[in-house]
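K.L.:
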Amino acid sequence: MSATPLTDFSRLCVHTITTKPWSIEEATEKYAEAGVAGMTVWRQWLDGRDIAATGERIRAAGIDVVSLCRGGFFPATDPIDRATAIDDNLLAIDEAEALGAPLIVLVCGADPGQPLEASRDQILRGIEAVLPRCEETNIKLAIEPLHPMYADTRSAVNTLRTANDMCDKINHPLLGVTIDVYHLWWDPELKEQIERCGQAGRIFSYHVCDWRSPTEDMLNDRGLMGEGCIDNRLIRGWVEEQGFTGPIEVEIFSNRYWESDQNEFLEKIKQAYLDCT
Ligand code: ZN
Numbered sequence: 003m004s005a006t007p008l009t010d011f012s013r014l015c016v017h018t019i020t021t022k023p024w025s026i027e028e029a030t031e032k033y034a035e036a037g038v039a040g041m042t043v044w045r046q047w048l049d050g051r052d053i054a055a056t057g058e059r060i061r062a063a064g065i066d067v068v069s070l071c072r073g074g075f076f077p078a079t080d081p082i083d084r085a086t087a088i089d090d091n092l093l094a095i096d097e098a099e100a101l102g103a104p105l106i107v108l109v110c111g112a113d114p115g116q117p118l119e120a121s122r123d124q125i126l127r128g129i130e131a132v133l134p135r136c137e138e139t140n141i142k143l144a145i146e147p148l149h150p151m152y153a154d155t156r157s158a159v160n161t162l163r164t165a166n167d168m169c170d171k172i173n174h175p176l177l178g179v180t181i182d183v184y185h186l187w188w189d190p191e192l193k194e195q196i197e198r199c200g201q202a203g204r205i206f207s208y209h210v211c212d213w214r215s216p217t218e219d220m221l222n223d224r225g226l227m228g229e230g231c232i233d234n235r236l237i238r239g240w241v242e243e244q245g246f247t248g249p250i251e252v253e254i255f256s257n258r259y260w261e262s263d264q265n266e267f268l269e270k271i272k273q274a275y276l277d278c279t
């Protein structure tokens, strides 16, 4: 069943990459002015910053730090590269702790030089290697399945079923999933796999945007909700039927919007959130 329309911005979260031209300081100020309730911080926005102070600044502006994007990229044919990836994920956990982010979203990775099954196995090993640090810091990890068009280099996890299977294998309370409509809208199993997530208590976060048709760029042509063919309200209904009441995170990579006035873009996001999410 479709969700009922959203009537306020208490669940609106925006990813820093959505308003890419803004620094984290600008984004904090602008989101606060706009009444945005949450922020998901991409790691590169923390470059050169005092991370703890940045987290304080965001919260002082009245904005929740929802998650840190992104960890993952575990697979590699070279074992040295796999060890480097694990180190980088441990660093991401430290960054999340300093920032005050309760969750790290994992773009799990893939290496085109090996079978997807080998990459999936390395993803499992990588997650297992960093979970002890998650236990020490109480930081959660969310596997975000990516659309299969990214299976070559970005993620060998391409369906919610695969993410669920991995979570079942590892079976750890700090490991769950991120459901991103852009990556999963096409999947005929989506509703039943969302139910499976709900039963396991592992819907850790929820990302929205739209799929433009035609899509002109595989990475940077995502649409505002309502601009494409994703039934955002239907999918939100499925997620909420499973008890999810958390932030609705607007994550839009778009050359078109990044070239536009970001203040106007943020207003469009708010309108699309009310009208089409
Ligand atoms: Zn996402």
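All residue numbers for the sequence shown refer to this note's numbering, where the first residue is 3 and numbers rise by one.
Quick reminder that beta carbons are idealized off the backbone N, C-alpha and C, glycines included.
#1: To the nearest angstrom, how far is the alpha carbon of residue 230 from that of residue 279?
#2: Could you tell me whether the Cβ atoms of residue 39 and residue 12 are closer together than 7 Å?
#3: By Cβ distance, which residues of its chain are closer than 7 Å to residue 97, with the 5 residues on each side in sequence left out?
#4: Starting from residue 213, follow its DSSP beta bridges and name the residues at the other end.
#5: Using C-beta distances below 7 Å, list every residue in its chain close to residue 283, excluding the 5 sequence neighbours before and after it, in chain order.
#6: Output the boundary residues of the beta strand (DSSP E) element that contains residue 41.
#7: Between which two residues does the beta strand (DSSP E) harbouring residue 200 extend?
#8: Can you list, in chain order, the residues of its chain with a C-beta nearer than 7 Å to that of residue 254? Leave out the 5 residues immediately preceding and following it.
#9: Could you pull the start and end residues of the alpha helix (DSSP H) that residue 66 belongs to?
#10: Measure the CB-CB distance between residue 145 and residue 132 and report whether it falls below 7 Å.
#11: What did DSSP end up calling residue 174 once you bin it into helix, strand or coil?
#12: Helix, strand or coil for residue 19, going by three-state DSSP, please let me know.
#13: Using 10 angstroms around the beta-carbon of residue 268, count the other beta-carbons present and answer buried if the total reaches 16, otherwise exposed.
#14: At a threshold of 6 Å, does residue 223 count as lining the ligand ZN (C-beta to nearest heavy atom)?
#15: Residue 216 to residue 185, Cα distance in whole Å?
#16: Hey, would you say the C-beta of residue 209 is under 6 Å away from at least one heavy atom of the ligand ZN?
P.N.:
In brief:
#1: Position 228 of the sequence shown, counted from the start, is the residue given in the question as residue 230. Position 277 of the sequence shown, counted from the start, is the residue given in the question as residue 279. Their Cα atoms are separated by approximately 12 Å.
#2: The sequence position of residue 39 within the sequence shown is 37, counting from 1. The sequence position of residue 12 within the sequence shown is 10, counting from 1. Contact flag set, yes.
#3: Here residue 97 refers to the residue found at position 95 when the sequence shown is read from its first residue. Counting only Cβ-Cβ distances below 7 Å, and skipping sequence neighbours, we find 45, 48, 53 and 70.
#4: For the purposes of this step, residue 213 is taken as the residue at position 211 of the sequence shown. Its beta-bridge partners are 224.
#5: Past the edges of the chain, shown from 3 to 279, lies residue 283, and the structure says nothing about it.
#6: Position 39 of the sequence shown, counted from the start, is the residue given in the question as residue 41. From DSSP, the beta strand (DSSP E) with residue 41 extends over 40-44.
#7: By 1-based counting over the sequence shown, the position of residue 200 is 198. That residue, residue 200, is in no beta strand (DSSP E); its alpha helix (DSSP H) goes 192-202.
#8: By one-based count along the sequence shown, residue 254 stands at place 252. The residues are 20, 211, 224 and 226.
#9: Within the sequence shown, the letter at position 64 stands for residue 66. Per DSSP, residue 66 belongs to no alpha helix (DSSP H); it is in the beta strand (DSSP E), 66-74.
#10: For the purposes of this step, residue 145 is taken as residue 143 along the sequence shown, with counting starting at 1. For the purposes of this step, residue 132 is taken as residue 130 along the sequence shown, with counting starting at 1. No, Cβ-Cβ distance for residue 145 and residue 132 is not below 7 Å.
#11: Residue numbering aside, residue 174 sits at position 172 when the sequence shown is read from its first letter. If DSSP states are grouped into helix, strand and coil, residue 174 belongs with coil.
#12: Residue mapping note: residue 19 aligns to position 17 of the sequence shown, counting from 1. It is coil, neither helix nor strand.
#13: Your numbering for residue 268 matches position 266 in the sequence shown. Buried is the call here.
#14: By 1-based counting over the sequence shown, the position of residue 223 is 221. It does not: the Cβ of residue 223 is nowhere closer than 6 Å to a heavy atom of the ligand ZN.
#15: Counting from 1 along the sequence shown, the entry for residue 216 is found at position 214. Counting from 1 along the sequence shown, the entry for residue 185 is found at position 183. Whole-angstrom Cα-Cα distance: 16 Å.
#16: Stepping through the sequence shown from its first residue, residue 209 is reached at position 207. Yes, the Cβ of residue 209 comes within 6 Å of a heavy atom of the ligand ZN.
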